[in-house]
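Protein chains in written order, with the numbering used here: chain B, 1 to 151; chain D, 1001 to 1978.
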């Protein structure tokens, strides 16, 4: 899944980030400057009918892609995934698909939580302060858009 | 009838030998239509002559105006005149048919489908009737040929040459000057090879694969052989090593050798090395380094520094200086290459002192002697003469420096699926319990006896197995190291090429472990590898199963094609896997191009290469490496380091090459070589207002901007509102710019201070690549005059590395200019987002007439005259600068002016065009990953700040880019990524 909110590095000097490490090191950190670097969300193998929605691509293009899969691509169902900020857009796409099909398509939405990893790199590298990783959770939505079975 | 100019030209060439008109022009009233005489001839005689003059010969096809056929039929025909007219037509027709058009080759007479390849070379490919003529012509051309081919020395028969020993000897001879990598022969069959940095390296594949390689990098896996990188090993006590090395680096540029995580050996680090104590001046270049994890039985730490071959010598000297290692240890290691010194390069001094002949005969003699023992394949840095020391020891500090060049093979796998490729190619070594008495010296059975080591091996295997379940390489912490021992990958070679695909299993406990690995990285214990041990490396290299032996084993398998079940005891190899972080800067495409580096002991290169290739990876050459770092947003070594000695050398080479290419087109015109580029197709860079199309005079640029800033300071604090005023300032500067001489200006530097870069980056208003969305920036001091002056005094004469992405159309090229948009340009941009940008007015080429004049009159003292009368005004400032290092090639000095290039003392660079120049692009292309033109280049810090200061907030960071061959400026957004 792609992180919609421009994964990468934000150069905000973070002071004393809350640490929710797996080892639960609840150590008070001195206000050393850290650079926050977001790692990519975990990827899973992708089928052809999986559509991962992001905020960078044009909305119409993503919608057209879904339509193409359903109509020209011969798929009976597609899965629209959205993470974080893109949840809205994923829902939007799914509803648009349904509306444009005159109610033939049906939706089934699932939500989940995705664990994301951030790296915190100290500005002053030699202060023996180890870079830290922390995890945070983000919501995701998976919408199945499908033609119901004829019977 | 319309005909394009080129078509007319072609036609003219074809019709050169043809009779121009078929018409019979004995009597004035004749025409092609009917040869009529009498009353009806009034009509054609008035019209036709003009018509024929225009056409000038035959015209193909039916004509609209009826082609001049007379509408009326003639009433009577005079037989004699008619016959004469026809006879003339027939004559010309026959003449035209017998004469060949175009080339005068014999096979020109043949229709296209009967022509064959290499016909002019081998006349037997011609039909019989033409053979004789062809032979005659060939003889003639051979005699006419000015250069007689030197009679070739009689070589041995092909069979003899291809005999294994002879072949090896030949290979060893051929790689004396430029060392071959282990994969050389594989590459040479598939790549365009270049000789660079003392190696033979594959530049680009012979097949078309630019896009597929990019696709491989972003979705599958691309493999590169990086064995040419040099490894230098340092051994010693940790604090002493760190103390010595700290002189070479600065904390301001980021983590150094002492960074805690790197020091533990769990991560690979990278750092820019400077000459000892010279920061920020005199950088050497970037290196990556790897500490060996601490272990109980070793007190000394071990450090590998990987450097580019061009900086190896400088780095070695610098390391010897800071570690006080000057005692060379001769013959510390006995590599197999040194066992057979007879096949190696003759010791150099001998060659120099004696004539060439003597050496030749000597070598021959030696080769004859060497017939006893078979020629041995050179492994490692075989060309190095055994007399050159590879180890230096310090008596005072106890540090040992070891030059491990070519001792370790390094492959780079780029792409998200490199994990799966590695996992599929390699299998963790199987335990070998049997004790083979015949081969007691093997390292693996020895290891298997020790319980500790087996424990470690099992842990490492476990980690490696978890790695198989990771979908993308970018998920791991950057720079992770994993040591491992694997089986010989040749044993599991698939019969067909397969595409490695990830297999992600969903199991609770696996998930937990995977999460642990992703969060924490590989535990320190598992970073240990036997590859660090010299003895093990040598053991593995010496006992490698030969390909022949392996094939014999395959032959003995009962079911042909089935897997070899039994691993021979010598088939275990210690390796190191190092994760390479992908794109770490910027806001988009993060961790694009992440991958793994695979380190192997020497000699095992091909054994791993072929199995990797069989897993469906793409192979990239040097140019893909450049593209990789370009897309990754990382500076590529010699290209993007203009302040390092090797960067300077690279630029000089590039400049000379480009200049030669440009000049060659001029020269070939005279010599009529086949590769002729007509002058009309050559760019006149003077007219384009491009002063330095082939190189970038960084020094002059930074000096000029330094002057401008000083002028601005003296002019008083009033801010110049627009760049138009800045122009005015520059004009003043050029008129009274003598201040430059008062203070000696230092050499330019590239800004690498992280904090300053971060500040600059924030001031540039960072946006997404096409400039649509601005990104969040933390609190920053606002860009005001006090902050600016403070920054400028701290960083004088510096350049900053920037990334420019074009806002709409355009593809930036090498040495494109980065310019400041004027207020009107910005208005234009505001009005229409997709506006293309302004145009540069065409410049006048003042030198053109001089070039012409010089061509006509025999060259003499004319040069001195033009030199003096031209260099007035603007140029007077800069003509008196002997110390500028990066000026244009000496070849283009005043002695020979080349049409379209500025002669040497360049005028003011900044104010030469209608838009003020800030810097140049060092790499530019259409970026397939960003979907727009992207360029990487350097601009002067002073210039950048001044421009940003004058720009309104909404257009901050918008600049103009102009290619050297174009007059069109394009808008581009600047981003400094830290």
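Ideal Cβ placement from N, Cα and C applies to all residues, glycine included.
For residue i, three-class secondary structure by DSSP
{"i": "residue 1278(D)", "result": "coil"}
{"i": "residue 132(B)", "result": "strand"}
{"i": "residue 1903(D)", "result": "coil"}
{"i": "residue 1293(D)", "result": "coil"}
{"i": "residue 1756(D)", "result": "helix"}
{"i": "residue 1974(D)", "result": "strand"}
{"i": "residue 1690(D)", "result": "coil"}
{"i": "residue 1522(D)", "result": "coil"}
{"i": "residue 1719(D)", "result": "Interpretation of residue 1719(D) is limited by its pLDDT of 41, a score under 50 that renders its predicted location unreliable; the figure taken from the coordinates is listed afterwards. Residue 1719(D): coil per DSSP, three-state reduction."}
{"i": "residue 1980(D)", "result": "In this structure chain D extends from 1001 to 1978, so residue 1980(D) is not present and cannot be described."}
{"i": "residue 1642(D)", "result": "coil"}
{"i": "residue 1560(D)", "result": "coil"}
{"i": "residue 81(B)", "result": "strand"}
{"i": "residue 66(B)", "result": "helix"}
{"i": "residue 1203(D)", "result": "strand"}
{"i": "residue 1231(D)", "result": "strand"}
{"i": "residue 1576(D)", "result": "strand"}
{"i": "residue 1685(D)", "result": "coil"}
{"i": "residue 1401(D)", "result": "strand"}
Exposure of residue i, with buried meaning 16 or more beta-carbon neighbours within 10 Å
{"i": "residue 1494(D)", "result": "exposed"}
{"i": "residue 1998(D)", "result": "Because chain D spans 1001 through 1978 in this model, residue 1998(D) falls outside it and cannot be assessed."}
{"i": "residue 1784(D)", "result": "exposed"}
{"i": "residue 1822(D)", "result": "buried"}
{"i": "residue 1589(D)", "result": "buried"}
{"i": "residue 1108(D)", "result": "exposed"}
{"i": "residue 1164(D)", "result": "exposed"}
{"i": "residue 1172(D)", "result": "buried"}
{"i": "residue 103(B)", "result": "exposed"}
{"i": "residue 80(B)", "result": "buried"}
{"i": "residue 1279(D)", "result": "buried"}
{"i": "residue 1969(D)", "result": "buried"}
{"i": "residue 1302(D)", "result": "buried"}
{"i": "residue 1818(D)", "result": "buried"}
{"i": "residue 1519(D)", "result": "buried"}
{"i": "residue 1528(D)", "result": "buried"}
Beta bridge counterpart(s) of residue i as assigned by DSSP
{"i": "residue 38(B)", "result": "118(B)"}
{"i": "residue 1411(D)", "result": "1225(D) and 1598(D)"}
{"i": "residue 1805(D)", "result": "1934(D) and 1973(D)"}
{"i": "residue 1637(D)", "result": "According to DSSP, residue 1637(D) bridges with nothing at all."}
{"i": "residue 1286(D)", "result": "1272(D)"}
{"i": "residue 155(B)", "result": "Residue 155(B) cannot be examined here, being either before or after the span of chain B that is shown, 1 to 151."}
{"i": "residue 1267(D)", "result": "1480(D)"}
{"i": "residue 1817(D)", "result": "1920(D) and 1962(D)"}
Rounded distance between the beta-carbons of residue j and residue i, thought under 8 Å
{"i": "residue 1643(D)", "j": "residue 1750(D)", "result": "5 Å"}
{"i": "residue 1514(D)", "j": "residue 1575(D)", "result": "Not confirmed; about 22 Å, so no contact."}
{"i": "residue 1811(D)", "j": "residue 1926(D)", "result": "5 Å"}
{"i": "residue 1958(D)", "j": "residue 1799(D)", "result": "Contact doesn't hold; Cβ gap of about 20 Å is too wide."}
{"i": "residue 1444(D)", "j": "residue 1429(D)", "result": "7 Å"}
{"i": "residue 1961(D)", "j": "residue 1792(D)", "result": "Their Cβ separation, rounded to whole angstroms, is 24 Å, which puts residue 1961(D) and residue 1792(D) out of contact at 8 Å."}
{"i": "residue 1693(D)", "j": "residue 1815(D)", "result": "6 Å"}
{"i": "residue 118(B)", "j": "residue 37(B)", "result": "7 Å"}
Would the segment 1262 to 1279 of chain D and the segment 1288 to 1297 of chain D be scored as touching if the rule is three or more Cβ pairs under 8 Å? yes
For the 8 Å Cβ check, are there 3 or more pairs between the segment 1203 to 1220 of chain D and the segment 1615 to 1623 of chain D? yes
Tell me whether the segment 1271 to 1285 of chain D and the segment 1633 to 1652 of chain D touch, counting them as touching only if at least three CB pairs, one residue from each stretch, are closer than 8 Å. yes
Cβ contact check for the segment 1483 to 1500 of chain D and the segment 51 to 61 of chain B: 3 or more pairs under 8 Å: no
With a threshold of 8 Å, are at least 3 pairs of Cβ atoms found where one atom belongs to the segment 1391 to 1398 of chain D and the other to the segment 1555 to 1564 of chain D? no
Quick check: the segment 1935 to 1947 of chain D against the segment 1646 to 1666 of chain D, are at least 3 beta-carbon pairs closer than 8 Å? no
Would you check if the segment 1400 to 1413 of chain D and the segment 1225 to 1245 of chain D touch, i.e. whether three or more CB-CB distances between them fall below 8 Å? yes
Quick test of the definition: if touching needs 3 or more C-beta pairs under 8 Å, does the segment 1441 to 1455 of chain D touch the segment 1598 to 1610 of chain D? no
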